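Numbering (UniProt numbering), first residue to last: 1 to 267. The beta carbon of each residue, even a glycine, is placed where N, CA and C say it ideally should be. Everything numeric in this text was worked out from a predicted model, so none of it was measured.
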Amino acid sequence: RSHIPLSGRNPALQEALGIRPHLLLLNKMDLADPRRQPVSAAAGPAWGQQWCHREVTASDSPVPVPLQVVPMVARLVADSPRYHRAESSEHNILVIGVPNVGKSSLINSLRRLHLKKGKATAVGGEPGVTKAVLSRIQVCEKPLMYLVDTPGVLPPRLGDVETGMKLALCGAIRDHLVGEDVMADYLLYTLNKQRQFGYVQRYGLGQACDHIEPLLKHVALSQGRTQKVKVLTGTGNVNMMMLNYPAAAYEFLRDFRAGRLGRVTLD
């Protein structure tokens, strides 16, 4: 995913792929900051020198990215050793990656482009929609190509807390496991650090905020994020309306994920 071109890679896939030909796709380029390098050599030699990978971005060619995928896969397979493939000319491709980066959407997009057929696999805005390795899905006739959708896989241990926060902001980890308020705080820190002040205009603030509490208070007030709570008093229970800070934090995260705070690259 283009928000996290480095943090969004699972190092454990290196051993699984070995020398097999593979293609690295960065999804949702329209949400990434065009001023920042989308893929960095700092990912390490294992991702560049030892592996046969190609980075497909919107700037590589005037041809739309989805139309580049099938020809590039066909070329990679044709130029690579063909293991146990003498009896068959069809391509069987496994689509792998961390959760919620658009694997199912890619398959549906390729199927729609090349076969003019509808959705073949379920998609959603949170991780865990694909729960098992599915059957082969044809996406192209010439060359005959099948893709296999798989559940997203995260490493057993994340390298550091910051990588985990970036994955969570992009929806690779369920929000409640990290906490919307913690994620919103880290998002505000990142936006300010990169001098991405789109949130100031989005929420009608007078200036940028250094702390998350006043921002969430403003979001809750301006968008009516309130909740009714019971307060026990000496004369009985009294219903009071209070600002719903978790709902405001979720609204902040949702605006980021939809690109309404500007184009941001977290890595």
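Bounding residues of the beta strand (DSSP E) (the contiguous stretch that carries residue i)
i, result
"Met145", "Met145 to Asp149"
"Asn92", "His91 to Val95"
"Val161", "Premise fails: Val161 lies in the alpha helix (DSSP H), Val161 to Leu169, not in any beta strand (DSSP E)."
"Val139", "Ile137 to Cys140"
For residue i, the residue or residues it bridges with in DSSP
i, result
"Asn239", "Lys230"
"Gln196", "In DSSP, Gln196 forms no bridge with anything."
"Leu6", "Answer by DSSP bridge pairing: none, since Leu6 is not bridged."
For residue i, the first and last residue of its enclosing alpha helix (DSSP H)
i, result
"Ile212", "Ile212 to Ser222"
"Leu113", "Lys103 to Leu115"
"Asp255", "Tyr245 to Arg257"
"Leu17", "Leu13 to Leu17"
"Leu177", "Asp175 to Val178"
Check whether residue i and residue j have beta carbons under 9 Å apart
i, j, result
"Arg225", "Ala248", "yes"
"Leu261", "Asp267", "no"
"Ile137", "Arg111", "yes"
"Asp185", "Ile212", "yes"
"residue 277", "Arg257", "Past the edges of the chain, shown from 1 to 267, lies residue 277, and the structure says nothing about it."
"Leu26", "Val69", "no"
"Gly198", "Ser222", "no"
"Thr265", "Arg36", "yes"
"Glu141", "Leu115", "yes"
Cβ-based neighbour list, residue i, same chain, cut-off 7 Å, excluding 5 preceding and 5 following
i, result
"Pro21", "Cys52, Leu76, Val77 and Ser80"
"Arg202", "Asp255, Arg260 and Leu261"
"Lys117", "Arg111"
"Asn239", "Lys228 and Lys230"
"Ala208", "Asn192, Phe197 and Val200"
"Pro34", "Arg263"
6 Å Cβ shell around residue i - same chain, five flanking residues per side excluded
i, result
"Leu147", "Ile93, Val95, Ile107, Ile137 and Val139"
"Asn237", "Lys230"
"Ala74", "Pro143"
"Gly159", "none"
Cβ neighbours of residue i in the same chain (closer than 8 Å, five flanking residues each side left out)
i, result
"Ser89", "Pro143 and Leu144"
"Leu187", "Leu169, Phe252, Leu253 and Phe256"
"Val101", "Arg1, Gly8, Asn27, Gly152, Cys170 and Ala172"
"Asp210", "Asn192"
Closer than 8 Å is the cut-off here; do at least three beta carbon pairs connect the segment 7 to 16 with the segment 237 to 250? no
Hey, is the segment 159 to 170 in contact with the segment 219 to 236, meaning 3+ C-beta pairs nearer than 8 Å? no
Are at least three pairs of beta-carbons, each pair with one atom in the segment 166 to 177 and one in the segment 3 to 10, less than 8 Å apart? yes
For the segment 210 to 228 and the segment 176 to 187, state whether three or more C-beta atom pairs, one from each stretch, are separated by less than 8 Å. yes
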